[in-house]
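Reading through the structure tokens given below for one structure.
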DNA sequence: GCGACAG
DNA sequence: ATCTTGTCGC
């Protein structure tokens, strides 16, 4: 029998097709995917890093991924997706709201990133599957969570100088770091997402940050997504 | 029951 | 996240 010309759908397409529609289904998915998170050191020196962020307007979302060469931080491209939002925002379930748009967006990049930087948590999440871990597992790409505020965990105030940090702990475990990316500026919450270790995540976030609080790939994705929303999602 | 709560 | 004016500080 001849080999079928029909290619089986990509894993992420299959998953998008059955994307959870409610909390109950989402919890089942988290229970399954959390076991697939692997916090191992990077298997390859990062050459391409992509930041991801989304802007909302009505019931629609504009998701953007900005690709940069690393460690030079030369901007390569921005790709985006506009879709209807079907899942509400519920603390602990952010990835189910932005996930579909994020996955479609990352697949549009002309180069597969070596690391994904997210505006949200990695394993620093009540079920160990923040948005960075969730997407990292689905796409099998190393990922980092770089949130602007805390979801869970305890920590002390990190030294005010850039590069200083204190650890985020939860139930006796070290799950992330509260990292100062600029002198005297509110720190960011860094946690490994998938296929990376905390120390490497901290290092990459710092090396992607220059004169602003957020690492450049995420900062750019944030700016571009908001601009596109105001230009394309207005009428 | 009360407080906390990524984006 | 989004809605929004002025304002404090380097």
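Numbering (the working numbering), first residue to last: -15 to 219. No residue lacks a Cβ here, since even glycine has one placed at the ideal position from N, Cα and C.
Quick check on residue 83: does DSSP put it in helix, strand or coil? helix
Separation of residue 30 from residue -4, as counted between CA atoms: Residue placement at residue -4 is flagged as unreliable, the pLDDT there being 47, under the threshold of 50; the coordinate-derived value follows with that caveat. Approximately 23 Å between the Cα atoms of the pair.
Should residue 5 be labelled buried (16 or more other beta-carbon atoms within 10 Å of its own) or exposed? exposed
Are the Cβ atoms of residue 127 and residue 172 separated by less than 9 Å? no
Write down the C-beta distance between residue 162 and residue 176 rounded to the nearest angstrom, noting that I regard them as a contact closer than 8 Å. Contact flag wrong, Cβ pair sits at about 14 Å.
Let me know the secondary structure DSSP gives residue 123 once reduced to three states. helix
My understanding is that residue 3 touches residue 83, with C-beta atoms under 8 Å, so please give their C-beta distance in whole angstroms. 7 Å
Which residue marks the beginning of the beta strand (DSSP E) containing residue 241, and which one marks its end? Given a span of -15 to 219 for the chain in the structure shown, any question on residue 241 remains unanswerable.
Assuming residue 120 and residue 190 form a contact by the criterion Cβ under 8 Å, report the distance between their Cβ atoms to the nearest whole angstrom. With 8 Å as the limit, residue 120 and residue 190 do not qualify as a contact, their Cβ atoms being about 20 Å apart.
Note down the Cα distance separating residue 107 from residue 95, rounded to an integer number of angstroms. 26 Å
Report the partner residues of residue 178 according to the DSSP bridge assignment. 127
What is the rounded straight-line gap between the Cα of residue 79 and the Cα of residue 198? 20 Å
Please name the residue in 164, 125, 117 whose C-alpha comes closest to that of residue 140. 164
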